[in-house]
Structures are given as structure tokens and as C-alpha cells.
Amino acid sequence: MGSSPLISIVGYDGGGIQLLCQSSGWLSQPIAKWKGPEGLDLPSDFKVNKDMHGLFHVETTLTVHKNSGIISCSIQLADQKREVKSRLFIGKTFFYTSPRLQPSIMLMVLCIGGAVCIIGEYVRKNYVSALLCLDSSTLTSLEACSVSYLFPIMIPHGTESSASAMRAAEFKEAQKHAVKVTLDPDTAHPNLYISKMQAVICNSHPQDVPCSKKRFKRRCVVAIQGFQSGKHYWEVGVGNNNMWYLGVCRDDVDRNEKYVILSPNNGYWVLGLERENFYFVSNPNRIYFFLESNPSRVGVFLDYEGGTLSFFNVDDQSLIYTLTYQFEGLLKPFIQHNSQYEENMTPIVICPVPS
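Residues 1 to 355 (full-length UniProt numbering) make up the sequence shown, in order.
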């Protein structure tokens with residue numbers, strides 16, 4: 001067996017924090033996995049390298065958002081069930097940072113030898129504190145952490161009210177660039193009914209629609225409008241659907257392919273929801289994260305020249321994630337509405353943006 005996983009917080013990314021998990025000293029090539037609060041696998045990539053002594057080193061990254069709960073990183077050999085694991089608890093207060101500091105300088109490394117949990121709480125001198133649990137047994141509650149190992153982590157943060165004000169200002173600035181978006185029925189998959197050019201409704205049976213090179217062979221639709229410069233904002237009501245994908249795509253994407261990875265490499269920049277609470281973006285690999293509350297309406301803000309696509313939770317005016325890319329060509333608002341489940345039949349709607 002190799003070393004216990006070392007989880008490091010290596011940076012801030014799109015409103016979340018990026019975790020790095022590393023382990024060394026393996027005789028055979030290991031695999032690395034991230035798991036969420038209920039032990040569910042969080043898909044992620046990992047890299048394996050061999051050192052000068054012929055031993056293997058493995059590392060994997062994951063981006064998480066506030067209130068992600070207990071996140072674990074486990075390392076094991078592919079042909080063995082035994083594993084070594086470290087755990088981290090991500091709380092809400094952990095993400096309150098001072099507006100005077102840039103995210104790039106608010107980095108830290110958190111060494112973990114066994115189970116670890118982070119308790120976000122305000123302490124004197126504006127530090128966030130952490131509890132290091134030296135007990136490697138299964139972490140079932142925060143009480144499992146011994147108070148005797150409390151130590152400060154140097155991440156200055158502002159108050160909750162100032163952080164909330166900053167989020168609201170960023171959201172309001174995006175809304176100033178609201179544009180009209182109407183869906184193009186000629187591009188919609190036959191199982192998608194487009195109502196009043198604003199709503200996407202799933203049908204259990206395909207409609208009789210004319211064949212067109214513009215039409216997707218996946219359950220997708222794009223807008224009539226396209227953008228290749230400027231700033232543009234629109235809002236999409238996703239309701240209680242438990243699987244959807246929305247954002248922008250290049251106008252020249254291959255619409256005849258039935259199975260496409262929605263990533264920048266293929267001309268898609270999207271936020272997706274899978275399995276009710278697993279949100280992801282692709283940049284270009286999938287980055288999974290949790291949200292404190294599921295949005296019923298998502299704001300999409302494209303800054304073409306700035307090279308950013310931001311997603312907002314309109315319900316609480318918070319930033320969900322920002323993708324960065326040097327865009328080229330014509331981009332169109334994009335929606336994919338899957339209907340494998342009856343509870344996923346609620347319409348997805350382009351909503352008017354309040355003036």
C-alpha cells in the first residue's frame with residue numbers, strides 16, 4: 001500500500017475551491033476516486049506517474065462549492081478492495097472571503113493523515129478554523145473530531161452581508177445585458193415540443209416533423225439568436241427537472257451525432273444537472289460539484305470578448321460557476337432536455353428578465 005492521501009486546497013475556481021488529492025509509494029499502478037456525502041462516486045480524472053525508484057504516484061482534482069458536506073478521496077489498486085482514504089468536510093462559511101484579496105493569493109495546503117473535517121466558523125482575527133481528526137476510522141459526525149487539534153487556517157474573509165452584497169452586485173451587472181432569446185423549432189429533436197418559441201416540453205413519442213440538417217438527433221434545441229461579440233444575458237427556468245444541460249454551443253456543431261460529450265472540445269459550454277444533485281461543467285473535463293440549494297431558474301451571462309460564460313442561481317442571485325475560453329465563431333443559446341424519467345417532464349422555459 002502507498003501513503004495515505006494528502007488533500008490540498010490549491011485554488012479558487014469559478015466560485016468554488018479546487019481540491020488536489022495525492023498519494024505516493026505504490027508498487028503497482030493505483031486508481032483514485034472522489035466520493036460525495038453519501039458515498040456516491042464523483043466522476044473525475046486522475047494521473048499516475050512513476051518516480052525514479054519505480055514507485056507510482058497518483059493525483060486527482062475536484063472542484064467543490066459551499067456546503068458540499070463530507071468529501072472523501074480514496075486510493076486503491078485496481079485488483080484489490082482494500083483502500084486508503086482521507087475525508088474533508090466543506091462548510092458554508094469556508095467560502096466567505098475578503099473583497100480586498102484576490103482569489104489567487106488565498107491558497108493553502110491542508111495536510112491530511114487519515115480522516116479530516118473542516119468546520120467553517122468565525123473566530124477572532126477573521127480566520128476560518130479547521131479540526132484535524134487523527135482517527136482514521138469512518139467519520140460519521142463532526143463530533144468525531146477532537147477539539148484538542150483545533151488550529152487556524154489563514155484565509156481572511158469578510159462578513160456574510162458584504163459577501164452577499166458582492167454577489168448581488170455581480171448578478172445585477174450581468175442582468176444589465178439582458179437580450180431576447182427565442183427557441184428555433186426547426187432545430188429541436190422530434191421528442192421536444194417548442195411552445196410559443198419559449199418553452200421546451202418533452203414528449204414520450206416523437207412528433208412528425210420535417211427532416212432538416214438543422215435538427216438535432218439528440219434531445220436538444222438552440223435559439224434563433226446567435227452571438228459572436230458583446231455581452232449577453234438570459235434566464236432559463238428549469239423547474240424541478242432532475243436532468244438538464246444549458247449554456248451555449250457553436251452554430252457549426254455536428255447535429256447528426258446521437259452521442260456527444262458536451263465539452264468545449266466539441267463546441268459546447270454548458271452547466272448540467274444529473275441525478276438530482278450532481279451539477280457539472282466541462283472545462284474540458286467534467287468538474288462535479290454540489291450547490292447549497294437547487295436553482296429553479298438559471299441566469300446565463302456570455303462575455304464574448306472577455307472569454308467567460310457565467311451561470312447564476314437567479315433564486316438567490318449567487319454565482320454558480322464561470323467557464324473561461326477564447327471563443328470563436330457564432331455561439332447560440334443551447335438547451336438539452338432529457339426525459340428518461342416521468343418526474344423530468346416539466347417544461348424548461350426561457351424566462352423574461354426583470355428590467
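All C-beta atoms, glycine included, are put in the ideal place defined by N, C-alpha and C. Note that the coordinates shown come from a computational prediction; the quantities given were computed from them, not determined experimentally.
Taking C-beta to C-beta, are residue i and residue j nearer than 7 Å?
i    : j    : result
A188 : V221 : yes
Y245 : G272 : yes
Q225 : V253 : no
L6   : Q29  : no
H57  : S24  : yes
F227 : L291 : no
T346 : G239 : yes
K35  : S8   : no
R87  : I75  : no
A199 : V300 : no
A178 : V314 : no
G11  : F289 : no
T60  : A32  : yes
R255 : G329 : no
P190 : Q175 : no
F334 : V248 : yes
R167 : Q18  : no
R286 : F280 : yes
I201 : L183 : no
S263 : S293 : no
D186 : K213 : no
N338 : M243 : yes
On the three-state DSSP scale, how would you describe residue i?
i    : result
P30  : strand
P43  : coil
D241 : Reading the sequence as shown, one finds Asn at residue 241 and not Asp. In the structure shown, N241 sits in coil (DSSP, three-state: anything other than H, G, I, E or B).
P264 : helix
V349 : strand
S4   : coil
Y259 : coil
D254 : coil
S355 : coil
V123 : Any reading at V123 must be qualified, since the residue scores a pLDDT of 29, below 50, and its modelled position is unreliable; the value itself is stated next. Coil, per DSSP.
Who are residue i's beta bridge partners in DSSP?
i    : result
Y288 : F280
F311 : V300 and Y321
N49  : H57
E83  : Q76
F327 : DSSP, once it has assigned bridges, lists no residue as partnering F327.
S23  : V58
P333 : V248
V270 : G247
V64  : I17
V236 : V298 and I350
R231 : With the sequence shown as reference, residue 231 is identified as Lys, and Arg is not the correct amino acid for it. DSSP, once it has assigned bridges, lists D303 as partnering K231.
G11  : Q18
K35  : D41 and S72
Counting contacts by CB-CB distance shorter than 7 Å, is residue i in contact with chain B?
i    : result
N191 : Judged by its chain identifiers, the structure shown contains no chain B, having just a single protein chain.
Cβ of residue i within 6 Å of any heavy atom in the ligand SAM?
i    : result
Y288 : For the structure depicted, the ligand SAM is absent and the ligand set is empty, with no information on it obtainable.
Could you give the uninterrupted runs of the beta strand (DSSP E) lying entirely in the stretch 165-226, keeping only those of 3 residues or more? 192-195, 199-202 and 220-222
Segment contact, 8 Å Cβ cut-off, at least three pairs: the stretch 257-274 with the stretch 34-45: no
Any chance the stretch 72-91 sits against the stretch 322-338, with 3 or more Cβ pairs inside 8 Å? no
Assess contact between the stretch 297-317 and the stretch 199-219, defined as three or more Cβ pairs (one per stretch) separated by less than 8 Å. Is contact present? no
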